[in-house]
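Colleague: In our numbering, the protein residues as written are 2 to 69.
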Amino acid sequence: MEDPARVLVVDDEPVIREVVAEALEFEGYAVETATNGAEALAKVRAHAPQAIVLDLMMPVMDGWAFLH
């Protein structure tokens, strides 16, 4: 059996983050979450996700800075 694809969901809004994460988990993905770009960078290094769902407007480090 294959390991599920890893997805990182990054959003500062808890409700949005959890709804997206739950929907992806329901579809069989292994999901990690982060609340800002800085936290997301650490999780990318630790978990090497295959896809990232990224909010662009967040505190600390926004999505644009994360992409650079």
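From the three backbone atoms N, C-alpha and C, an ideal C-beta is built for every residue, glycine too.
So is M58 buried or exposed if we call it buried at 16+ other beta carbons inside 10 Å?
Modeller: Walking along the sequence shown from the start, residue 58 turns up at place 57. It is exposed - the Cβ of M58 has fewer than 16 other Cβ atoms within 10 Å.
Colleague: Within 10 Å of its beta-carbon, does F67 have 16 or more other beta-carbons around it, so buried, or fewer, so exposed?
Modeller: Counting from 1 along the sequence shown, the entry for residue 67 is found at position 66. Looking at its Cβ environment, which holds 16 or more other Cβ atoms inside 10 Å, F67 is buried.
Colleague: Let's test the definition: count the other Cβ atoms within 10 Å of the Cβ of P15 and tell me whether it reaches 16, buried, or not, exposed.
Modeller: Numbered from its first residue, the sequence shown carries residue 15 at position 14. Burial call: exposed.
Colleague: Given a cut-off of 7 Å on the beta-carbon distance, is the pair L25 and V11 in contact?
Modeller: Stepping through the sequence shown from its first residue, residue 25 is reached at position 24. Stepping through the sequence shown from its first residue, residue 11 is reached at position 10. No, Cβ-Cβ distance for L25 and V11 is not below 7 Å.
Colleague: With D13 and T36 assumed to form a contact (beta carbons below 8 Å), what rounded beta-carbon distance in angstroms separates them?
Modeller: Within the sequence shown, the letter at position 12 stands for residue 13. Within the sequence shown, the letter at position 35 stands for residue 36. Rounded, the Cβ-Cβ distance is 5 Å, consistent with contact.
Colleague: Should V16 be flagged as near chain B, meaning a C-beta pair shorter than 7 Å?
Modeller: No chain B is present in this structure, which holds just one protein chain.
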